[in-house]
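Asks: Numbering-wise, our numbering comes out as the position in the sequence shown, counting from 1, plus 23.
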Amino acid sequence: MVRVYDDAELLRLAAAPPRDVAPVLRRAHWFTPLVVLLAVVPVWLAWHRSVLDEETAWWGLRALGIVRADRLAGWLEPSTGWPERPLNWAPPLPAWLTAVFLRIAAPGAVWPLFVVPALSVVATTWLFYRLSDEAGGTRWAFLSTACLALHPQMLMLVQSAGPDALCLCLLAFVTWGLWGHWVENPEAISFRLLIAGVSWGLLLLAGGPLALAYLVVLGGWWLWNGLRRSEASSRYPRSSETPVRAALFTLSVLIATGGALGFWWLAMMLTEHGLPFLSAWLVGRLGLGASGDSAVSWGDAPAGGLAGWLNRSAFLGGWWVVGVVLAVRLARSRGTTPDGDFARWLLVWNGVAALLRCGVSYAPASDPSMARLWETFAILPATWLAAYGLDRTLRREVSWRWVLAALSLLVGQAGWLLSGRLSFGVMLAAAFAALVLVSAPVITGLRRASLGWNEVEIRRWVVAATLATFFGHAALSWQVTQPKTNGSAWNRLEQRLRTVEDVSLASLIVADRRDSPQLRYLLRSLWPRAVYSQASGWDPQITETLVREREQPRSRMVVVEWNRQDLRLQADLGSGWQVTTLLEPEPYLGCRLAAHLLAPSER
24 MVRVYDDAEL LRLAAAPPRD VAPVLRRAHW FTPLVVLLAV VPVWLAWHRS VLDEETAWWG
84 LRALGIVRAD RLAGWLEPST GWPERPLNWA PPLPAWLTAV FLRIAAPGAV WPLFVVPALS
144 VVATTWLFYR LSDEAGGTRW AFLSTACLAL HPQMLMLVQS AGPDALCLCL LAFVTWGLWG
204 HWVENPEAIS FRLLIAGVSW GLLLLAGGPL ALAYLVVLGG WWLWNGLRRS EASSRYPRSS
264 ETPVRAALFT LSVLIATGGA LGFWWLAMML TEHGLPFLSA WLVGRLGLGA SGDSAVSWGD
324 APAGGLAGWL NRSAFLGGWW VVGVVLAVRL ARSRGTTPDG DFARWLLVWN GVAALLRCGV
384 SYAPASDPSM ARLWETFAIL PATWLAAYGL DRTLRREVSW RWVLAALSLL VGQAGWLLSG
444 RLSFGVMLAA AFAALVLVSA PVITGLRRAS LGWNEVEIRR WVVAATLATF FGHAALSWQV
504 TQPKTNGSAW NRLEQRLRTV EDVSLASLIV ADRRDSPQLR YLLRSLWPRA VYSQASGWDP
564 QITETLVRER EQPRSRMVVV EWNRQDLRLQ ADLGSGWQVT TLLEPEPYLG CRLAAHLLAP
624 SER
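(1) Do we get a CB-CB distance below 8 Å when we pair V581 with the residues of chain C?
(2) Measuring CB to CB, does I532 end up less than 8 Å from V582?
(3) Helix, strand or coil: how does DSSP classify W550 here?
(4) Just verifying my parser: in three-state terms, what is the DSSP assignment at A113?
(5) Using only the alpha-carbon positions, how far apart do A410 and E420 sit?
(6) Does the distance from the C-beta atom of A558 to that of L546 stay below 8 Å?
(7) Which residue wins for smallest C-alpha separation from P623, given the options S527, D414, V133, F272?
(8) I think T147 touches L216, with their Cβ atoms under 8 Å apart; what is that distance to the nearest whole Å?
(9) Using alpha carbons as the reference points, say which of D362, A279, V133, A429 lies closest to V345.
(10) Taking 8 Å as the threshold (C-beta atoms), are V449 and G435 in contact?
(11) Would you tell me roughly how many angstroms separate the C-alpha atoms of L241 and D156, rounded to the nearest one?
(12) Touching or not, the segment 181-198 and the segment 399-408, by the rule of three or more beta carbon pairs under 8 Å?
(13) Buried or exposed for I127, please, with buried defined as at least 16 other CB atoms from any protein chain shown within 10 angstroms of its CB.
(14) Which residue marks the beginning of the alpha helix (DSSP H) containing Y372, and which one marks its end?
(15) Would DSSP call L616 helix, strand or coil?
(16) Tell me the rounded alpha-carbon separation between W67 and L60.
(17) Leaving out five residues on either side along the sequence, give the residues of the same chain with a beta carbon under 7 Å from the beta carbon of V133.
(18) Between which two residues does the beta strand (DSSP E) holding T604 run?
(19) Tell me whether the beta-carbon of G224 lies closer than 8 Å to the beta-carbon of A283.
(20) Label D364 either buried or exposed according to how many other C-beta atoms from any shown protein chain fall within 10 Å of its C-beta, with 16 as the threshold for buried.
(21) Have a look at A488 and W287 and give me their C-alpha separation to the nearest angstrom.
(22) Answer with buried or exposed for P175, where buried requires no fewer than 16 other C-beta atoms within 10 angstroms of its C-beta.
(23) Taking one C-beta from the segment 152-167 and one from the segment 196-207 each time, how about it: are there three or more such pairs within less than 8 Å?
(24) Classify Q557 as helix, strand or coil using the three-state DSSP reduction.
(25) Return the CA-CA distance between H71 and L194, expressed in angstroms with no decimal places.
(26) What does the Cβ neighbour count give for A618, buried or exposed, with the cut at 16 atoms within 10 Å?
(27) Tell me whether L235 sits in a helix, a strand or coil according to DSSP, three-state version.
(28) Below 8 Å on the Cβ atoms is my contact criterion, and I expect L432 with G341 to pass it. Report the Cβ-Cβ distance as a whole number of Å.
(29) Determine the DSSP secondary structure at V426, reduced to helix, strand or coil.
(30) Please tell me whether G185 and T280 are closer than 8 Å, where the distance is taken between their beta carbons.
(31) What is the residue span of the alpha helix (DSSP H) that W70 lies within?
(32) Less than 8 Å between the C-beta atoms of S336 and A437, yes or no?
(33) My guess is that A69 and L178 are in contact by the Cβ rule of under 8 Å, so how many angstroms apart are they, rounded?
(34) Is the beta carbon of L440 closer than 8 Å to that of F334?
(35) Among R268, P56, W550, which has the Cα closest to the Cα of F165?
(36) Between E78 and S213, how many whole angstroms is the CB-CB distance? I'm expecting something under 8 Å.
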C-alpha cells in the first residue's frame, strides 16, 4: 500500500530533533574526580570559616558534659549542666560523636565541634552521587551532586554543631539502602536493607521525629504504588500480592533493626521523665531561640523563616518546578518502572517535608531550630527534582513554555533574594517573561517550521540560565558562610586564657538578663576539671574561697567579667593573693569584657 505524504508532513519529518544543549554531559562518568572535589572542597572552605556561635556553643557544652561525666548516667543522658535548657532532652548521638573528638583535642579547641557535621556532609554528597547514578544515570547524578554540593544550606550545616548534618547523612544511607534493596530483591533480607535499618535506628538517636517522618514517606510511597496496581489486581487477583508482601516485609525488618538501636534510649528517657520528655521530643522543643549574634542566622518569624528557606534555593526554584511537573508525568505513566517508582518516592518525600516545614513555622510550641531540621529533611528530594528538571531542559525535552516559566522564576527569586522584597521579585519575573515574549517571534512561531529562533535562542537562554544557576549558587554559598567573627576582644581573651594553667575555679560574671554560652564553653573547655560558677554579680563562691584560704592560698582562679560595671576585687583579697589582669576591659556585645587571674602571691 502506497502512502502519500503532504508538504507539511514532509517538513515535520525533515526537521531535526532538538540538540542537546550540553552534549559533554553524555560522558558524565569522566567527571567522577570533579565529584570528589565537589564533596570535599566546599566543605573544607566552610569549615575553615566556622566560628563559635551561640547555638554551636550550647551543643558543645552538651558534648563537654559527656567528656566530664564520671558516671554512666552522664553519658546516657547528656546535658549542658543547666537544667533550664530543654536541650538536655535532645537526641544524644551528635553529642556522643562530638565528645570523641573533644577527648583527643587540646583544651579549649573549637574545631572538634565541626568535625561530625563536616564528615557527614562529605559522606552525604558522595552517597547522593552513588544513589543518583543508580536511579537515574551518571548524567543526572553529576548535575544533582553539583546542585547539592554548592547548596548554601549544605555549607551552613557544616558551620553548626547541631544534629542536622548527621541526620542528612543518615537519611542518605537509609534511602541508598532501601532503594538498592527494593530494586534488587524486595522479598529477602539483603545487605542494603540491613544498612538501611541500622541507619534508621541511628537516625532515631540523632534526629528523633525525623525518623518517624521518614516512615510516613515510605508508607505514602508504598500506598501510591499499591493504588497503581489496583487496576492490574482487579484483572489478575494475585498480581499485587508480591509488592504488598514485600513492602510489609521491608518495613518490618527496617523497624526491627533500627528499633534495636534506637528505641532503648527513648524507653529509658520516657521511663525517667514521662510525658514531658515525649512531648518535647516529638515537637522539637530544644530551647534554642534564634540568636542575634549567630554566624548561622535562620530567622524565627514564620514569614521570615519561610522566606529564608526559599531564598536559600533561589537558583533552583525554576528547575524544581519543571522537575515536579516532569516527575508527576513519569509517576502517572503506565506500567511499573524503576524510574516511575523513584519519581513517586521523591514526590511523596518532598510533599511530606514541605508540609512539616510549613507546619513548624506556624506551630506555636515549635522551636526555631526545629525548622532547620525539617529544611534538612527536604533538601535531598528537592535537589533531586531540581536536577531532574535541569537535566531534561538541557536535553531539550521540555517545551519552551516551561523553559520560560523556569527562567522567569529564577529571575524573580534572584530579585527577591537581592532586594529582600517579594513584590519586587514578582514584578521582575513578570517583566522578564514579557520581555522575552515580545522581543522574539515565539508567539507567531508556534509551528515547527518557524521555530528557528527557539532552536538557537532558547539554547542560549538555557546555557546562560545553567551557568547562572551554578555560579549564583556558589556565590550565595560564599556569602551565607561568611564568618561573623566574635570580635577582637574575644580573640584576645581566648589567647590570654590559653596561657593560664592549673585553674581550680572559673567564674563568669555576666550582666543581668544576659547569657553567653560562648564564654561558658571557652571556660569549661579550657579547664574541664575546674569548678565552674556563673552569677550576675560578685560570685559568693569566690568570696568563700578567698576567706577560707586567706592565710595559705592554694587555688588559682580565673574571673571573666561580661558586665556593665567594674568589680572591686581588691576589697575581698588578703595579703596572700595576687591579682593579674589578663584582659583589660573592652567592649563586647554591648557590655564590657575583662578577665583576671587570682593566684597565691609569691612569698
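The beta-carbon is built from N, C-alpha and C at its ideal position, and this holds for glycine as well.
Replies: Concretely, from the data shown:
(1) Note that chain C does not occur in the displayed structure, where there is just one protein chain.
(2) yes
(3) coil
(4) coil
(5) 14 Å
(6) no
(7) S527
(8) With a Cβ gap of about 20 Å, T147 and L216 do not count as contacting.
(9) A429
(10) yes
(11) 21 Å
(12) yes
(13) exposed
(14) What sits at residue 372 in the sequence shown is Trp, not Tyr. Unbroken alpha helix (DSSP H) run through W372: 361-385.
(15) strand
(16) 10 Å
(17) L75
(18) 600-611
(19) yes
(20) buried
(21) 50 Å
(22) buried
(23) yes
(24) strand
(25) 26 Å
(26) buried
(27) helix
(28) 4 Å
(29) helix
(30) no
(31) 55-71
(32) no
(33) 4 Å
(34) The sequence as given places Asn at residue 334; Phe does not occur at that position. Yes, these two residues count as a Cβ contact at 8 Å.
(35) P56
(36) Rounded, the Cβ-Cβ distance is 39 Å, inconsistent with contact.
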